[in-house]
Structures are given as C-alpha cells and as structure tokens.
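Trainee:
Residue numbers (this note's numbering): 2 to 720.
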C-alpha cells in the first residue's frame, strides 16, 4: 500500500512539473485555465474540474470540464457566504471545522459529491480564486496537499502573466504612438513624438526627455520639449549619488511630477520627465506603467538607432579604410621616401607618428604635440649597444604604441604612434596592419630606388660638373630621367652639413646622421621650392634652383629655413651654403659649381657666423682665401700692426676709426656720422693715424693696401 502511494505521488509530481513548464508558455488567461483543467482530467480521472475566479464580491466560474450539471447551479456565490480560506489555502471535504458555514461545501454535499478538494490560485498578494476537483464516489486523496498548493501558485503566476500580457497588448492598441518611431526619422522628430505621447498618455501639461552621456557624466536635454515649463539644459550627475537626487519623483507616483528611466540591458540611456496633470490630480501607478511601456519601446528604438548608426559608421570606416589604403599605396608610387606615409598615418589618428629603423633610430616623423624631447632620447641610443625592449618600454611610457615592420625574412623597422593599443577597435587595428604593410613595401622599395637613384645621380654629376662635357646626349637622357629641364637657367649652390659632436663616432655613424639631417631639410623646406633638383656629391649636396624661382633677396630666408630644419633633428650640426653664379647653359654648370665650392670654403673658414654667401658678393675674399699664410701675416703686420698696437696700449680706438674712413672711401662727413663723432675730432684722429703709420691717406693706393690688410684680418679672426 505504501509503495503504491509513493508511486502515485511521484507520478503526480512529475506531471505537475511538466504542467508548470507548459503554463509559463501561455499567452492568455483562457489558455492557462483550459490547460489546467485538461491536465487534471487526464491525470486524476476526476468527475469534474472547475476554475472559480473572484470578480468583485462574487465567485464566478471561469471554466468547467466534466459532469458539472449539479454543481454549477450553485454559482455565482457571494464571497461572504463562503469560507474565506478558499482563496488562501487548500481545502478538502473532511475539513468541516475549517470551512464553517460555507454554502459551497453544503451544496457539494447536497448534490452527492463524495470527495472534493480545492486549490487556491495565489500570486503574492493577488488572490485570483480557486480550482475545485470533485468525485461523486469516495476517493482517497492521500497526503498530497502541499503538492497541489505549489501547483496552484504556478497556475496563479501563469494567470498573472497572461493578464499582464493582455493588459500590455490592450494598452499598446490604445496607444497609437508606436508607429511614429523609426530609425529612419531624425532624432528631433522622434523626440517630438516621444514627449507629445508621454504628455497625452498621462494627461501632463509638460514633458521632456534627457539623454545620458556616460563619458561626460551628465544628462542633456533633448529638443523639442512639450509644454511651457522651464528645463535645465545640462544636469551633471555623480556616480555616487542616486538619480532620485537629480530628478523629482524618480519612479515614484503620487506627486505632480514623475520621472521614469529609459533602460536597456541594465544600462541607462536617459530619463523621461512629465509634470502637472491638466486635471490637477497626482500621477498614478497607471501613469507610471504607461510611461514604462513608452520608455521600453523608446529604449529599443534608441538601441536600434545606435546599432544602425554603428553599422553605418562601420561601413563608412571600411570605405574610408579602402580609400586610405589606396592613398597610402599611391603615396609609395608618387614618392620614394617614407615621410608621406608617416604624415598620412599622423593625419589619420591625429597623433604624433615616428618611423624608426631596425636600430630604433628615428628615420622620419610627424610631431603633433611638441614631443621633440622623445626624438632627442631616441637619437642618443647607441646603435651597437641597443636594447630594443628598453627603447620600446620608453616609448610606451610616453604613451606610444610600437609595432614592428617586417620584410620577407628581416626586421626592417618600427612604427610608433601615440595611441593606446587597448582602445583600438578591429578597424583601427586593421588600419595599423595596412600602414605597416605599406611601410614594409616602402622600406624595400626605398632601398632599391635609393641605390639605383644615387648611382644614377652620381654618374650624372660626374658627367655634368666637368670642364669639358663629352657626351651631351647621354647627359640629356639623365636629365629627362630626373625630370629636370637642364636648359633652363639655374642657380647652383653647394650645401655642407657638419656634425659638431664627433666624440666616439665612426665615419659610418656620421654619414647616417648627415643623411638624417639632409632628409629632414629636404622634406621640411626644400620640397617647397618648385622644380628644385638636388644630388649628394663629394660629401656635399648640390642644389640646382631655377632662376625664376629665386631672386637674390630670398637667399637669406632660404638659408635660415635650412638651419631651422636641421636644428629640429636635434643632431648637433652646422650647415653652410655656398652659391655660385646662375648657369645659363649646360657648359656653365661646371663654372657655377666651382664658384659655389669656393664660396662654401670661404664661408666655412672665414665667415662661419653668417653661414652662407654668394660668390659674386665675396669680392677679394675669393682671391685672398688662397694666399700663402706667412706672406699674408707679414703684410697685415706691416700695414696695420702699429696702429692696432697703439690703439690697445693707449685706449684710443684708432683701429675702427681708420676702418670706417676706408669703408666710406675717405668721405670725412659720412665717416663722422657713422662714428657719431665731431668732424674736427675725426680729422685730428686721421692726422694722428697718418703720423703713426707714416702714410698719406688721401692716396688711393695706400687706402687699397690698408683695406686689403683689414680683409685679411677678418679672415684670420674668423678661423
């Protein structure tokens, strides 16, 4: 008997678990009730099953199944005439002491129902009614009431859910605003409909919507708003405070204001605020519920809009990536250097970019935020004692991310960008990969191009800068190769770059640093000169500049720009520029080049403070530079030694007085004005000079010799 009883209990429990799962799927109250009745009839073979629901103050049958002709005549029943325990606990035919004076139990007894029990339909505080199961014969029910109690709770939950769904569907049908929201509409149009519907559904006189900016930490008012009320444009919030601190009646009815959050996946997107019902009443739970329905749909709309915009942005970025890749490849076709690629990467990320060789030495860069000190540190790294992890760690400390650039089997260099790798999305990483691949191609191409180009330029210079040109046709072929109009008149200038700190630096290192400086000068300044042609030649750089691009007055600014560009590399160096005459024919390039070399030598040895000079403005310096040093020393002492010694010993500046007099070609008035000296004082000094030197200053040849001696002193003092 006990085994049979246990099997029945297990079978019922299994059936009820299955029934619970099915109830959760029900969309309507009728479905849930009908499924409940059918399951009892099939499993318990009872004579009848009924679901009795509470409506106002009466018990009303919702559904029957089985032989209920005698039972249903008792309904409707007034609740006051039945036991109140019907809706709170399970009851059976033997519980007469619990039932008391109950019309239902009395009626069941009168119509011959021998065995019956009831199950309350409870969901929290909601008491929907009860379920009644009956047999016209005696049936032992065993001790299974706790099982039926749990089942009754599950049925009540299913009914509650069905009613909730029904209520939502009903309200959705009543509210016609859903059709107005679409991702194809502008945000302003959606907000207008949003606030209007919120006001209408709650009978509010004003409404507004705030979007939350999580990154900035504030709510921003969206326009347009509804009504004439004043709303703050920005509401700054703290993560430590609850939103109720900033918004009145946050998720709380019973006032003349009501705020409901717009939430999706536990993430707040904004808040909806309404105030002052038109009828003067307070906002109710129904108002809050209606706004929640609205905000739920708006949350989905905003999320869909965000996903749509994100997808649209991704498509645009992919298109941009393809354009970016084409632009990078085009840059490698247009130019043989890496600066153009570096500049484009910098423009893409709006950050500083440094391209380094395999020794972690910077090759080219585009600096955005004045980070030249980083370059200085990188340039001080010893090529042959380099510790790559240390250098990369240094860059990472400066918030640079570093990627290697590889060839087929070799490491070619490194790409450093001031970005955080962790913040890069997939498209950013793809762009980095594209940039690295293009840099790799450019490295390989550059080496091939540079090797071939330098060889061709060297051959070209060897054939052009000679006294007698032997093969002009071949010379023209080279000129066409470099797209240079050799027949156009050109200035010829020679640029020298000298490293000022050569301590423990071998020749190869000096050459590397000079090439770095020259590359920077070329791309910072010289590239701005139209049709300029340049070529490294005999440890210098020869510049050919069309005469129409340059006038004499422009040379000073040009040289200062070169010095500035060289200083930006932070490699200690000096730059000197010698400028020859304009070459007006192919045969004249040699002469102009020799003039630029001579001007360069004089600048380096005699006029280093100026840094540049044109051959034609050097005058006698071009001859004096090559005179024998011993002879020039004797000549200087013979001409001016006495007057210099006299000036130093007697603290009388006859030295500069004489020089000014000679510079102004013996004009006493102009000399006096130049020296801010009275005319009579100047004449006295000139007489004293004639006496000391035993010369006649009115003699033109004497003045020539004295001026020559002054120039020799200038060259000697500038060495």
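Just so it is clear, CB atoms sit at the ideal spot from N, CA and C, and this is done for glycine as well.
(1) Can you give the Cα-Cα distance for residue 94 and residue 107, rounded to whole angstroms?
(2) Starting from residue 616, follow the alpha helix (DSSP H) in both directions and report where the run begins and ends.
(3) With DSSP run on the structure shown, which of helix, strand or coil describes residue 281?
(4) So, helix, strand or coil for residue 103, using DSSP?
(5) Could you check how far apart the C-beta atoms of residue 199 and residue 277 are, in whole angstroms? I think they sit under 8 Å.
(6) Touching or not, the region 579 to 593 and the region 530 to 538, by the rule of three or more beta carbon pairs under 8 Å?
(7) What residue range does the beta strand (DSSP E) around residue 407 cover?
(8) Kindly list the residues whose CB is nearer than 7 Å to the CB of residue 723, restricted to its own chain and excluding five residues on each side of it in sequence; keep chain order.
(9) In the DSSP assignment, find the unbroken beta strand (DSSP E) run with residue 212 in it and report its ends.
(10) Taking the alpha carbon of residue 494 as the point to measure from, which residue in 682, 566, 424 and 602 has its own alpha carbon closest?
(11) As an exercise, report each continuous alpha helix (DSSP H) stretch of at least 4 residues that is fully enclosed by the region 428 to 501, in chain order.
(12) Quick check: the Cα distance between residue 174 and residue 255, rounded to an integer number of angstroms?
(13) What residue does the beta strand (DSSP E) around residue 417 start on, and which one ends it?
(14) In three-state terms, what does DSSP make of residue 228?
(15) Among residues of its own chain, excluding the 5 on either side of residue 245, which ones have a beta-carbon nearer than 7 Å to its beta-carbon?
(16) Applying the criterion that 16 or more other CB atoms from any shown protein chain within 10 Å of the CB defines a buried residue, is residue 607 buried or exposed?
(17) Report yes if the C-beta distance between residue 238 and residue 263 is below 8 Å; otherwise report no.
(18) In the DSSP assignment, what residue or residues form a beta bridge with residue 62?
(19) Give the list of continuous beta strand (DSSP E) stretches no shorter than 3 residues that lie fully inside the region 500 to 568.
(20) Please report the distance separating the alpha-carbon of residue 347 from that of residue 413.
(21) Spatial neighbours of residue 400 within its chain, please: C-beta separation below 6 Å, excluding the five flanking residues on both sides.
(22) Can you give me the Cβ contacts of residue 697 inside the same chain, cut-off strictly under 8 Å, excluding the 5 residues immediately before and after it?
(23) Using 8 Å for Cβ pairs, my map puts residue 292 next to residue 261. What's the rounded Cβ distance?
(24) Just grab the DSSP bridge partners of residue 275 for me.
(25) Using the DSSP secondary-structure output, state which residues sit across from residue 220 in a beta bridge.
(26) Helix, strand or coil for residue 36 per DSSP?
(27) In or out: residue 669 buried (at least 16 other Cβ within 10 Å) or exposed?
(28) Can you check whether the CB of residue 581 is closer than 8 Å to the CB of residue 596?
(29) Which residue marks the beginning of the alpha helix (DSSP H) containing residue 75, and which one marks its end?
(30) Under 8 Å: do the region 108 to 118 and the region 130 to 142 share three or more Cβ pairs, one atom per stretch?
(31) Does the region 419 to 432 come close enough to the region 392 to 406 to have 3 or more Cβ pairs within less than 8 Å?
(32) Would you mind giving the Cβ-Cβ distance between residue 52 and residue 42, rounded to the nearest angstrom? I have them listed as a contact below 8 Å.
(33) Quick one: give me the first and last residue of the alpha helix (DSSP H) that residue 577 is part of.
(34) Look up residue 178 in the DSSP assignment and say whether it is helix, strand or coil.
(35) Evaluate residue 1 with the Cβ neighbour count: other Cβ atoms within 10 Å of its Cβ, from every protein chain shown; 16 or more gives buried, anything less gives exposed.
(36) Can you round the beta-carbon distance between residue 443 and residue 342 to whole angstroms, since I take them to be within the 8 Å contact cut?
Mentor: Short version:
(1) 10 Å
(2) 616 to 619
(3) coil
(4) coil
(5) Actually they are not in contact, since the Cβ atoms of residue 199 and residue 277 sit about 13 Å apart, beyond 8 Å.
(6) no
(7) 402 to 407
(8) A question about residue 723 goes unanswered here, because the residues of the chain that appear run from 2 up to 720.
(9) 205 to 214
(10) 602
(11) 473 to 482
(12) Because residue 174 sits at a pLDDT of 46, beneath the cut-off of 50, its placement in the model cannot be relied upon, and the following sentence gives the value as read from the coordinates. Cα to Cα, the separation comes out at about 26 Å.
(13) 412 to 418
(14) coil
(15) 251
(16) buried
(17) no
(18) 53
(19) 534 to 538 and 541 to 547
(20) 20 Å
(21) 419
(22) 691 and 703
(23) 4 Å
(24) 208 and 259
(25) 213 and 236
(26) helix
(27) exposed
(28) yes
(29) Segment: none, residue 75 is in no alpha helix (DSSP H) and carries neither H nor E.
(30) yes
(31) yes
(32) 12 Å between Cβ atoms; not a contact.
(33) From DSSP, residue 577 is part of no alpha helix (DSSP H) but of the beta strand (DSSP E) over 574 to 584.
(34) For residue 178, the pLDDT reaches just 44, beneath the cut-off of 50, and the residue's location in the model is therefore unreliable, although a value from the coordinates is still provided. Looking at residue 178 - three-state DSSP - the assignment turns out to be coil, as it is neither helix nor strand.
(35) Absent from the model: residue 1. The displayed extent of the chain is 2 to 720, so no value can be given.
(36) 6 Å
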